[in-house]
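For the sequence shown, this note's numbering assigns the number 208 to the initial residue and increments by one for each residue that follows.
Every residue, glycine too, gets a C-beta built ideally from N, C-alpha and C.
Report on the following structure.
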Amino acid sequence: MPKTLAIRPLTRDAFLPFGQVIEADPATMKLINGGNTERFHALAEAEAAGEGARVILNIFRGKPRAFPYELTMMERHPFGSQSFSPLNGRPYLVVVSEDQDGCPGEPQAFLAQGDQGVNYRANVWHHPLMTIDAVSDFLVVDRDGPGNNLEEFFFDEPFIITAAILSE
């Protein structure tokens, strides 16, 4: 029988095992450009391992998912991190899982606000981009280069996300 996933708010502490939350953190703010610009410094670290690897910037345009949604798979990128920063200010879902002997464990779902990005560490199991309500664009920073940097895993039983709202 499919298991329903609860959706929690995305916070730095809750997401720490999987990577970093990218958001304006007052603790990292520095004034630059003659005091005209606030720089929120070093919010995440890009990873790109392997000979010939490089860090690249992309725009991904995601179509919204229909709910209830059957989560049937997870993916990971063994040689590099992957960050997603929303460009349209819309909330979206982040689904991650801890590794259990080379396979994803039970997924955890987070509701990210339109001003929060995420940076998945290299080799972290996550669901592909999951926008809600409307087509949304994301600035994506990830690894490019030789080697197979994608692993996919398909669950025997799907997990269900009933709606893109916070669980009580």
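R215 to A249, Cα distance in whole Å? Counting from one through the sequence shown, the residue named residue 215 turns up at place 8. Counting from one through the sequence shown, the residue named residue 249 turns up at place 42. Each residue's Cα considered, the two are about 25 Å apart.
Spatial neighbours of I367 in its chain, beta-carbon cut-off 8 Å, leaving aside the 5 residues before and after: As a working mapping, residue 367 is identified with position 160 in the sequence shown. P209, K210, T211, L212, P275, Y276, E277 and L278.
Simplified DSSP state of T234, which is helix, strand or coil: As a position in the sequence shown, residue 234 is number 27, starting the count at 1. Residue identity differs from the one stated: residue 234 is Ala in this sequence, not Thr. The answer is helix: DSSP assigns A234 an H, G or I state.
Within 8 Å, strictly: CB atoms of F390 and L217: Because the chain is modelled from 208 through 375, residue 390 falls outside the range shown and cannot be assessed.
Using the Cα positions of A329 and A370, report the straight-line distance between them to the nearest angstrom. Your numbering for residue 329 matches position 122 in the sequence shown. Your numbering for residue 370 matches position 163 in the sequence shown. Approximately 29 Å, taken between the alpha carbons.
Output the distance between the C-alpha atoms of R297 and R219, rounded to the nearest integer angstrom. Sequence index remark: in the sequence shown, residue 297 carries index 90 (1-based). Sequence index remark: in the sequence shown, residue 219 carries index 12 (1-based). Each residue's alpha carbon lies about 19 Å from the other.
Contact set for I229: own chain, Cβ-Cβ below 8 Å, skip 5 residues either direction: What you label residue 229 is simply residue 22 of the sequence shown in a count that begins at 1. Excluding residues within five positions, the ones whose Cβ falls inside 8 Å are L250, A251, S290, S292, Q323, G324, V325 and N326.
What number of angstroms, rounded off, separates the C-alpha of C310 from the C-alpha of V347? Here residue 310 corresponds to residue number 103 of the sequence shown, with the count starting at 1. Here residue 347 corresponds to residue number 140 of the sequence shown, with the count starting at 1. Near 24 Å, if we compare the C-alpha coordinates of V347 and C310.
Straight-line Cα distance separating A319 from H284: Here residue 284 refers to the residue found at position 77 of the sequence shown. Here residue 319 refers to the residue found at position 112 of the sequence shown. Using only the alpha carbons, I get a separation of about 21 Å.
How about the region 255–272 and the region 341–356: do they share at least three Cβ pairs that are nearer than 8 Å? yes
Quick one: Cα of L373 to Cα of Y299, how far? Numbered from 1 along the sequence shown, position 166 holds the residue referred to as residue 373. Numbered from 1 along the sequence shown, position 92 holds the residue referred to as residue 299. Only weak support exists for where L373 lies, its pLDDT of 49 falling under 50; the value from the coordinates is given anyway. Straight through space, the alpha carbons of Y299 and L373 are spaced by roughly 12 Å.
Put R261 into one of helix, strand or coil per three-state DSSP. Taking the sequence shown and counting its residues from 1, one reaches residue 261 at position 54. Secondary structure of R261 (DSSP, three-state): strand.
In terms of DSSP beta bridges, what is K270 paired with? The residue labelled residue 270 in the question sits at position 63 within the sequence shown. Answer is none; K270 lacks a bridge partner.
Round the Cβ separation of F267 and F345 to the nearest angstrom and send it over; I've been treating them as touching at under 8 Å. Position 60 of the sequence shown holds residue 267. Position 138 of the sequence shown holds residue 345. Rounded, the Cβ-Cβ distance is 5 Å, consistent with contact.
Does the Cβ-Cβ distance between A314 and V302 come in under 8 Å? Position 107 of the sequence shown, counting from 1, holds the residue named residue 314. Position 95 of the sequence shown, counting from 1, holds the residue named residue 302. One point to set straight first is that residue 314 is Pro, not Ala, in the sequence displayed. Yes, Cβ-Cβ distance for P314 and V302 is below 8 Å.
Quick check on the DSSP output: the alpha helix (DSSP H) that includes R215 runs from which residue to which? Walking along the sequence shown from the start, residue 215 turns up at place 8. Looking at the DSSP string, R215 is not in any alpha helix (DSSP H); the run it does join, the beta strand (DSSP E), is I214 to P216.
Which residues DSSP lists as bridging F361, in chain order: Counted from its first residue, the sequence shown places residue 361 at position 154. Note: F361 is bridge-paired with M280 in the DSSP secondary-structure output.
Strictly by DSSP, which residues pair up with I239? Numbered from 1 along the sequence shown, position 32 holds the residue referred to as residue 239. Answer by DSSP bridge pairing, in chain order: T244.
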